[in-house]
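Mature numbering (1 follows the signal peptide of the UniProt record, and there is no 0) puts the sequence shown at residues -26 to -1, 1 to 979.
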Amino acid sequence: MGNIQLFVYISLLSLASSGIVNVAVADGLIGLNDDVLGLIVFKSDLRDPPALNSWTEDDTSPCSWKFIRCNSAGRVSEIFLSGLGLSGQLGKGLLKLQALKALSLSHNNITGDIPTDITQMSNLETLDLSHNRFSGLLPTLFIKSISSLNYLDFSHNELHGPISGDFLSCPSLRYFSVAGNALDGPIPSSLSNCRVLSGLNLSNNQLSGNPFDKNVGLWSLNRLRLLDLSNNVFSGDIPKGIYTLHNLKELYLQNNRFSGLLPSDIGLCPHLVKLDISNNSIIGEIPSSFIRLKSLIFLNLANNMISGEFPQFVGNLTNLQHFDVSNSILTGILPLSLGNLKSIQFLSLSNNKIVGNLPNSLIYCTELKKLVLKNNLLNGSITEELFSMGLVELDLSGNSFTGSIPSGSSRFYESLVVLDMSRNGLTGEIPPEIGLYSKLEYLNLSWNSLHSRVPLELGYVPKLSVLDLRKSSLYGTIPSDFCDSSSSLSVLQLDDNQLTGPIPEKIGNCSSLYLLSLSHNNLSGGIPTSMSMLKKLEILQIESNELCGEMPKELGTLQNLLAVNVSYNKLIGRLPSGGIFPNLDASALQGNSGLCSPLLKGPCTLDVQKPLVLDPNAFPKQNHGNNEGNDTTKRSEDHMFLSVSAIVAILAAVVIVFGVLVITLLNASARKKLAFIDNALESIFSSSSRSMTPSIGRLVLFGSRSSGNLFNDPESLINKASEIGEGVFGSVYKAALGNEGRIVAVKKLIMSNIVQYPEDFDKEVRMLGKVKHPNIVPLRGYYWTPQIQLLVSDFAPNGSLHFRIHEKPPNMAPLSWTTRFRIMLGTAKGLAHLHHSCRPPMIHYNLKPSNILLDENYNAKISDFGLARFLTRIEKNTTGNRFQGAPGYAAPELACQSLRVNEKCDVYSFGVILLEIVTGRRPIEYGEDNVVILNDHVRILLEEGNVLDCVDRSMGEYPDEEVLPVLKLALVCTSQIPSSRPSMSEIVQILQVIKTPVPHRHEPY
């Protein structure tokens, strides 16, 4: 076929797509009716596909082309183009292939909507478009139009919107997957029409409702073998009746909001091989019917509220390879029958309340690779045989094990990667065989009573990355050759021991260290200059030792240092001039009387050479004549004169010292009297005006029976090493919650002088704890004493939006447009909930990217909401001067106390954040000669018609039709007039319209 013919045909197809002509007319005009034509047109819609170079219009048949299969009549029946790096769009050329039965375009980069014209391929049986970038809605009447379709996979694209009832009209469909998209809404009742469905995967979307509701029709799919509903927002109970799905082999319900009991008839699914119900709100005991699941190899019930005694029948599930029931409320002892799990590879029972000894029968679990039993009530000694298994990970931390650490065997040395025995009662020496662990990367023996030296053999462990020996009663010196065999050590923590001697000069060989913590020991000598070779070092803690001398000026070259604490040593002289040192807080330097810093009071000591002082009596005087007698007389006079001077000096010093002592005693007496008066007054007023006071010095967890000491010493977490953020209301720290070990974020409030009474604090915090929304950080509890108030909330593993946009390391991938849009929409939904669903409405006042946290899936979580409620001095409609918002994010009306402040000030901040997300720039940027205000800069570019020039190029490809209206929305939100800004509920609707293209829709502005 000539190029002119091909051009004419493609042009006619374009007219057909506009409804001017149809495909049949186009075929007739060209006079061609072969598969070559359709495939060449399909190729023309792709962007330079080198894998398809062999496809040429000069061939009379495509049956010899790569990736093509034909039937006996010579017509194309199968196309397999998976993983070829194809991009572009799915055009109309494939409509010519009327004999096509199988089409696979998976694992490419094809964009655009899924064309509805594909329904004309009436013979299609298999369609796989997974792992591309298709967007838009699911095409309606799709499956209904292709009655022969039995395999359909649209997973891992960018589809959104609901699953329509017409879409799921599938009489012959056997496998259906739309996993990994952004679909929402409930499952339509038309699902019951898919009678022959054997595989259904709806995971990783935003689908809601109760899929087990009788109106959905899930129970009628009795041929199902795979049912994956994981990672959605499904809710409700899992009722009895699951036995009707008796052919199920794999059931995945994890990461939803299911509640209620586990269905007691689940054991009537005899073919069940994999069952995952983790991360829900399931309660009650594990049903005894589980004993019938003889084929089960994977069972995950973790992160629920499962209670009762540990099921003794688990040992009868002899095919189990993976069993996880961590973070539950199980009690009782571990049965000897665990030894029957000959195939078990992963066993995690952490964060329960299991008691007793470890059963010796565990040594018969010969395939066991990971044993995680942390944070239980297990006790007794650790059997030697456990250290002779081929374990890869062993975590016994947070229990009450006693005795010594077993030496281990050669098999153990060659397999172990992670060993955590921290927070137990272990004693004795750390065995020198520790140096034989050839694969060990993580070793934590902290918080024990080992009374051991730091073994020299630790320097022989070639892959050791984390070494934590804090508070283990270690003594002796730090070995000098920690990093002689390998430079992989990244974390070294030896705090709170009795270590002596100097910091080894060879510490500079540990080139991978990013955390070095040696505080609260008896280390002496100077800080080695070689420490300046630790270019990756981020945290340095060497406080509370006996270190002396000047700090090496070379430490100022460590550009990655984020936190340093050298307090309470004997350091002198000037601080290094570079890096973090000029900005150190006084608390990181105090206790060093000789340090020179404007942050410290008192004189400093410079380590400089002392000046030369000459003694005039050391030189002989010239004598004229015989003066021996005179010399004798002179020496006697000199001696008498010096004695009188010394006596006078001594008497003066005694008088001065006596005076100082008298004044000091008088001041101390006065202070004691004042303190006594203050305490007495405080006692009188507090007892007379406040009678109902909650527990002081105790942790209160909402919705939980557990409360108690948050930490042995709450102040122990308030240090730079655990600090992860700082805001106007206080600093935030990462901490492990009590004996549970759950990682949480703890905010230390700086408003103790305003929050005067514990019951007021309790009332306000409980009100904040009732705010529940997927895009708001849930408040889990608090800790209150007169000296310190802490708020406990969920920890966000991916940090803040500010970090990901402005402070991410060079090796971290930038956020894609899809992720950024999800963050925008999630933030908008969270704010809309605060403004429109809370009574009275909550205004954030301090919205900025550092208060937008990102969970493990990069979903936005608003933090610091409602904290302005603590400020009793804030009037009803105005804010105090201190809390007018961060520079660049504060609405202009916040500067005028006479204006009424409402939710529109948060809308202004949200608009600035939209601009920040799209452009990657800060709201205010200071140059040498000018200051750039981001919203003014974007507004000028919009007026000039060049607004897309400001888009952050690091995020790669982005759709102009979404970015442009988002920028316009941001400028509307940052209007100087509050009444001109939309409400947050309107903003949510606008963003949803932007992400849901409608034909011929108008821009919402």
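Glycine included, every Cβ here is placed at the ideal spot set by N, Cα and C.
Keep in mind it's a predicted model, so treat the numbers as computed, not measured.
Check your understanding: According to DSSP, which residues form a beta bridge with residue 279?
Key -> DSSP, once it has assigned bridges, lists 257 as partnering residue 279.
**Study point:** Beta-carbon proximity check, residue 334 vs residue 311, cutoff 9 Å
**Key:** With a cutoff of 9 Å on beta-carbon distance, residue 334 and residue 311 are scored as not near each other.
Review point. Out of 453, 413, 742 and 371, which has the shortest C-alpha to C-alpha gap to residue 388?
Key: Nearest option by C-alpha distance: 413.
Check your understanding: Does the distance from the C-beta atom of residue 120 to that of residue 90 stay below 9 Å?
Key -> Not closer than 9 Å, so no.
Check your understanding: Would a C-beta distance cut-off of 9 Å place residue 880 and residue 951 closer than the cut-off?
Key -> Going by C-beta atoms, residue 880 is not nearer than 9 Å to residue 951.
**Study point:** DSSP three-state assignment for residue 879, whether helix, strand or coil
**Key:** DSSP, reduced to helix, strand and coil, places residue 879 within a helical segment of the structure shown.
Point to revise | Distance, residue 809 Cα to residue 20 Cα | key: Here the alpha carbons of residue 809 and residue 20 stand approximately 46 Å from one another.
Check your understanding: Hey, how far is the Cα of residue 497 from the Cα of residue 697?
Key -> Counting only the Cα atoms, residue 697 lies some 25 Å from residue 497.
Exercise for review: Please classify residue 900: is it buried, with 16 or more other beta-carbons within 10 angstroms of its beta-carbon, or exposed?
Suggested key: So residue 900 counts as exposed.
Exercise for review: Mind reading off the beta-carbon distance from residue 948 to residue 894? Whole number of angstroms is fine, and I expect it under 8 Å.
Suggested key: Contact flag wrong, Cβ pair sits at about 17 Å.
Check your understanding: If you compare alpha carbons, which of 275, 242 and 283 is closest to residue 269?
Key -> That would be 242, whose Cα lies nearest to the Cα of residue 269.
Check your understanding: Whose C-beta lies closer than 7 Å to the C-beta of residue 965 among residues of the same chain, with five residues either side of it excluded?
Key -> Excluding residues within five positions, the ones whose Cβ falls inside 7 Å are 798, 799 and 802.
Review point. Can you tell me where the beta strand (DSSP E) with residue 296 in it begins and where it stops?
Key: Where residue 296 is concerned, the enclosing beta strand (DSSP E) stretches over 296 to 298.
**Study point:** Within the segment 66 to 133, ranges of the alpha helix (DSSP H) (whole runs, at least 4 residues)
**Key:** If one requires a minimum length of 4 residues, the alpha helix (DSSP H) runs lying completely within the segment 66 to 133 are 116 to 119, in chain order.
Check your understanding: Does the segment 830 to 839 come close enough to the segment 861 to 870 that 3 or more CB-CB pairs lie under 8 Å?
Key -> Taking one beta carbon from each stretch, the segment 861 to 870 and the segment 830 to 839 have fewer than 3 pairs nearer than 8 Å; the two do not touch.
Practice item. Go ahead and label residue 425 buried or exposed: buried means 16 or more other beta carbons lie within 10 angstroms of its beta carbon, across all protein chains shown. Key: In the assembly as shown, residue 425 is an exposed residue. Its beta-carbon has fewer than 16 other beta-carbons within 10 Å.
**Study point:** Which of helix, strand or coil DSSP assigns to residue 239
**Key:** Reduced to three states, the DSSP call for residue 239 is helix.
Exercise for review: With a cut-off of 8 Å on the beta carbons, I'd call residue 224 and residue 200 a contact; round off their distance for me.
Suggested key: Their Cβ separation, rounded to whole angstroms, is 5 Å, which keeps residue 224 and residue 200 in contact under 8 Å.
Check your understanding: Going by Cα to Cα distance, which pick from 307, 876 and 470 is closest to residue 326?
Key -> When only C-alpha atoms are compared, the closest one is 307.
Review point. When the Cα of residue 322 is compared with those of 543, 441, 274 and 39, which residue comes out closest?
Key: Taking the Cα of residue 322 as reference, the smallest distance to any Cα among 543, 441, 274 and 39 is reached at 274.
Point to revise | N- and C-terminal bounds of the alpha helix (DSSP H) containing residue 722 | key: Looking at the DSSP string, residue 722 is not in any alpha helix (DSSP H); the run it does join, the beta strand (DSSP E), is 716 to 723.
Review point. Any idea what DSSP makes of residue 407, helix, strand or coil?
Key: It is helical.
Review point. Quick one: what does DSSP say residue 962 is sitting in, helix, strand or coil?
Key: It is helical.
Practice item. Please report how far the alpha carbon of residue 967 lies from the alpha carbon of residue 62, in whole angstroms. Key: C-alpha separation (whole angstroms): 24 Å.
Point to revise | Sequence ranges, beta strand (DSSP E) only - wholly within the segment 376 to 458, length at least 3 | key: Taking 3 residues as the shortest admissible run, the segment 376 to 458 contains the following complete beta strand (DSSP E) segments, listed from N- to C-terminal end: 392 to 394, 416 to 418, 440 to 442 and 449 to 451.
Check your understanding: Can you give the Cα-Cα distance for residue 969 and residue 941, rounded to whole angstroms?
Key -> Between residue 969 and residue 941, the C-alpha separation is close to 14 Å.
Practice item. State the start and end residues of the unbroken beta strand (DSSP E) segment that holds residue 898. Key: Per DSSP, residue 898 belongs to the beta strand (DSSP E) from 898 to 900.
Point to revise | Pairwise C-alpha distance: residue 136 and residue 30 | key: About 41 Å.
**Study point:** Straight-line Cα distance separating residue 510 from residue 483
**Key:** Near 12 Å, if we compare the C-alpha coordinates of residue 510 and residue 483.
Check your understanding: How many Å lie between residue 516 and residue 410 at the Cα?
Key -> So the two alpha carbons sit approximately 30 Å from each other.
Check your understanding: Is the beta carbon of residue 825 sitting closer than 9 Å to the one on residue 774?
Key -> Between residue 825 and residue 774, the C-beta spacing is below 9 Å.
Exercise for review: Let me know if residue 47 comes out buried or exposed under the rule of 16 or more other beta-carbons within 10 Å of its beta-carbon.
Suggested key: It counts as exposed.
Review point. Using DSSP with H/G/I as helix, E/B as strand and the rest coil, what is residue 763?
Key: Of the three classes helix, strand and coil, the one that applies to residue 763 here is strand, per DSSP.
Review point. Where do the ends of the alpha helix (DSSP H) carrying residue 907 lie?
Key: Per DSSP, residue 907 belongs to no alpha helix (DSSP H); it is in the beta strand (DSSP E), 905 to 907.
Exercise for review: Return helix, strand or coil for residue 518, following the three-state DSSP convention.
Suggested key: Residue state, collapsed to three classes: coil.
Practice item. Answer yes if the segment 362 to 382 comes into contact with the segment 331 to 347, meaning at least three C-beta pairs across the two stretches below 8 Å, and no otherwise. Key: Three or more pairs of CB atoms, one per stretch, sit closer than 8 Å, so the segment 331 to 347 contacts the segment 362 to 382.
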